[in-house]
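Before any comments, here is the structure.
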Amino acid sequence: MNEAQKRLWQMLRLVEKEGIYLQDVAERLFVVPEITAEWIERLIATPEGRDRLEAFVGKFSRMQDTLIDKLLPYFLAAVGEKTGSALDNLNRAERLSLLTNPDQWIAMRQLRNRLVHEYVEDRADLAAGLTLARTMADELLTACRYLRVLAEAKFPPA
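Numbering (our numbering), first residue to last: -18 to 139.
Have a look at this one:
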């Protein structure tokens, strides 16, 4: 196993750990079938609810950042591809069938930026963003599992 493949496996293990934490907090946060402005009002009325919301946004953001900014470039390097900007890497990953739809991943990053860097005051807007983030979190977890399967096939761990 070469150095690029070792780095890939190290990063894959980190992203899988982040995935466990993301799934855990998502299960504790999303205890309702539908996210509404009223549910958010009740959620943020308690310190525990605010903590769960903040934890989800943080874990979602961290896993998305790590997968796009670290794991994906490491995977590309391990297969001998040149790495570049996040958009270049997403396009290469699509070409290699590592990920699908780069626009979806860009939309995920934009949502992450909105949830992390802006205080969303409109509860209906926050509900819509969290509904989307809930779905995107599942997509992150699925992508991580798929990249593991590919890594096992191409670069079996030592």
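Even for Gly, the Cβ is constructed at its ideal location relative to N, Cα and C. These numbers come from a predicted model, not from an experiment.
Distance, residue j Cα to residue i Cα
i: R43; j: E(-3); result: 12 angstroms
i: L68; j: I87; result: 8 angstroms
i: G65; j: L96; result: 26 angstroms
i: L10; j: L34; result: 7 angstroms
i: L131; j: E29; result: 39 angstroms
i: P54; j: W(-10); result: 12 angstroms
i: N70; j: R104; result: 34 angstroms
i: E120; j: L79; result: 13 angstroms
i: Q85; j: K135; result: 26 angstroms
Close Cβ partners of residue i (< 8 angstroms) along its chain, the five nearest in sequence each way excluded
i: R129; result: L(-7) and E(-3)
i: E62; result: R73 and L77
Own chain, CB closer than 7 angstroms to residue i, minus 5 neighbours either side, in chain order
i: C125; result: V(-4), E(-3), G0 and L48
i: Q4; result: L122
i: V13; result: W20
When the options are compared against residue i, the one with the closest alpha-carbon
i: E102; options: V6, I21 and D50; result: I21
i: L92; options: T17, G39 and Y55; result: G39
i: V6; options: D32, G110, Q85 and L79; result: D32
i: Y2; options: L53, F41, L131 and L(-11); result: F41
i: R(-12); options: K51, R23, Q4 and V12; result: K51
i: E8; options: R115, E120 and L121; result: R115
i: T123; options: T81, P138, A134 and R90; result: T81
i: E133; options: L24, F56 and D119; result: F56
Beta-carbon contacts of residue i that lie in its chain and below 6 angstroms, excluding the five residues immediately before and after
i: A(-15); result: A58 and A59
i: I16; result: A108, L111 and T112
i: P83; result: L71, N72 and E75
i: P138; result: W(-10)
Sub-9 angstroms separation of residue i and residue j beta-carbons
i: V107; j: A26; result: First, the amino acid is wrong: residue 107 is Leu here, not Val. No, they are not a contact pair.
i: V111; j: F37; result: The sequence shown places Leu at residue 111, rather than the Val named in the question. A contact, by the Cβ cut-off of 9 angstroms.
i: M89; j: Q45; result: yes
Cβ-heavy atom distance, residue i to the ligand ZN, below 8 angstroms
i: V13; result: The ligand ZN is absent from the structure shown, which contains no ligand whatsoever.
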